[in-house]
Amino acid sequence: MRAALLEILPLALAASLSPTALGFEITILSGKGNGRRNSLLFVLGAALFLVVLGLLVMLVFRHTVIPSDHHRKLSAWIDIVLGFSIILLVARSFLPRKKKKKSGGSSRRRPYLIVGFLFMAINTSTIIPFVAASKTIADARLPLLGAATLFAALVLMTVWMIAFPVVFSYAAPRSSGRALERMGAFMERHGSQLVRVFFLAAGVYLAVKGISGLWS
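Residue numbering for the sequence shown follows the numbering used here, starting at 136 and increasing by one per position.
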């Protein structure tokens, strides 16, 4: 279990780094209405999608793929594909993009649980390393309790960044506003560079892991 945890740590860290999701979460938190409740629902919706996706990945790899030399080769190829997919995401991030206009706050109620679920469903930069980490747990062939514990840790590590603002706002309601503004400003200035570094490291890690798996 410890070996599997060490394998998923870099992937979980890469999956958690999402400046867009963090910015969206801070916007919801500071918006009109019950910001803390809405942001909490957003986080729960995002976590719910990850739970569904991760369970699906682990069920497929744990119960439908028979452990064998063929399975090890298939797993290695999947690691290579996921690794190079992450590297391509990093390369794509250098391409110029049109800046989207920020929409103003709206007073009407929105189903933020569903918004969080759907947001995570299209958040490719989180999905790819998360899928790779879920597959790693399935490949470890741990007992049910060990796999469940490791998967719960994976989900928590993946959502910690977007969960931090709302948790901080509940823990320190008076001082959280200014601190979150600074955090948002820092991520806006340096978030892209941080994500590129960690994503490139995660992509290279997966690619090397897959290539070494083919030769083992």
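Beta carbons: idealized from backbone N, C-alpha and C, even for Gly.
It should be emphasised that the depicted structure is a prediction, and the values quoted were computed from it without experimental measurement.
Would you report the Cα separation of residue i and residue j, rounded to the nearest angstrom?
{"i": "Val301", "j": "Gln328", "result": "24 Å"}
{"i": "Ala287", "j": "Val178", "result": "15 Å"}
{"i": "Ile297", "j": "Leu191", "result": "23 Å"}
{"i": "Ala268", "j": "Asn258", "result": "16 Å"}
{"i": "Val187", "j": "Leu291", "result": "14 Å"}
{"i": "Leu315", "j": "Ser165", "result": "10 Å"}
{"i": "Leu144", "j": "Arg171", "result": "29 Å"}
{"i": "Ser347", "j": "Glu142", "result": "14 Å"}
{"i": "Ser151", "j": "Lys208", "result": "28 Å"}
{"i": "Val332", "j": "Tyr247", "result": "31 Å"}
{"i": "Ile163", "j": "Arg245", "result": "11 Å"}
{"i": "Val216", "j": "Ser304", "result": "39 Å"}
{"i": "Ile222", "j": "Leu230", "result": "14 Å"}
{"i": "Val343", "j": "Asn169", "result": "46 Å"}
{"i": "Asn173", "j": "Glu323", "result": "22 Å"}
{"i": "Met318", "j": "Leu157", "result": "9 Å"}
Report the CB separation of residue i from residue j in whole angstroms; it is logged as a contact under 8 Å.
{"i": "Phe265", "j": "Gly218", "result": "The pair is not a contact, with the Cβ atoms about 14 Å apart (cut-off 8 Å)."}
{"i": "Leu349", "j": "Ala211", "result": "5 Å"}
{"i": "Gly345", "j": "Asp214", "result": "3 Å"}
{"i": "Val294", "j": "Leu185", "result": "7 Å"}
Please name the residue, chosen from the options, that lies closest to residue i on a Cα-to-Cα basis.
{"i": "Leu140", "options": "Ala282, Leu341 and Gly158", "result": "Ala282"}
{"i": "Arg137", "options": "Thr293, Ile272 and Ser304", "result": "Ile272"}
{"i": "Met249", "options": "Ser151, Leu175, Pro154 and Leu335", "result": "It is Ile, not Met, that sits at residue 249 in the sequence shown. It is Leu175."}
{"i": "Leu194", "options": "Ala337, Leu277 and Ser347", "result": "Leu277"}
{"i": "Phe196", "options": "Leu223, Arg324, Lys270 and Ala307", "result": "Lys270"}
{"i": "Val225", "options": "Thr261, Arg172 and Asn169", "result": "Thr261"}
{"i": "Gly251", "options": "Ala182, Val332 and Tyr305", "result": "Ala182"}
{"i": "Ser153", "options": "Phe303, Val343, Pro231 and Phe299", "result": "Phe299"}
{"i": "Phe159", "options": "Leu146, Leu285 and Phe254", "result": "Phe254"}
{"i": "Arg313", "options": "Ile161, Ile263 and Leu146", "result": "Ile161"}
{"i": "Ala336", "options": "Leu285, Leu280 and Ser220", "result": "Ser220"}
With DSSP as the reference, label residue i as helix, strand or coil.
{"i": "Ser165", "result": "coil"}
{"i": "Arg227", "result": "helix"}
{"i": "Leu279", "result": "helix"}
{"i": "Arg245", "result": "coil"}
{"i": "Ser260", "result": "helix"}
{"i": "Met255", "result": "helix"}
{"i": "Gly240", "result": "The pLDDT assigned to Gly240 is 44, lower than 50, so where the model puts this residue is not dependable; a value taken from the coordinates is nonetheless given after this. Reduced to three states, the DSSP call for Gly240 is coil."}
{"i": "Met292", "result": "helix"}
{"i": "Met318", "result": "helix"}
{"i": "Met193", "result": "helix"}
{"i": "Ser153", "result": "coil"}
Looking at the ligand NAP, does it come within less than 8 Å of residue i, judged from the CB to the closest heavy atom?
{"i": "Phe303", "result": "As for the ligand NAP, it is missing from this structure, which has no ligand bound."}
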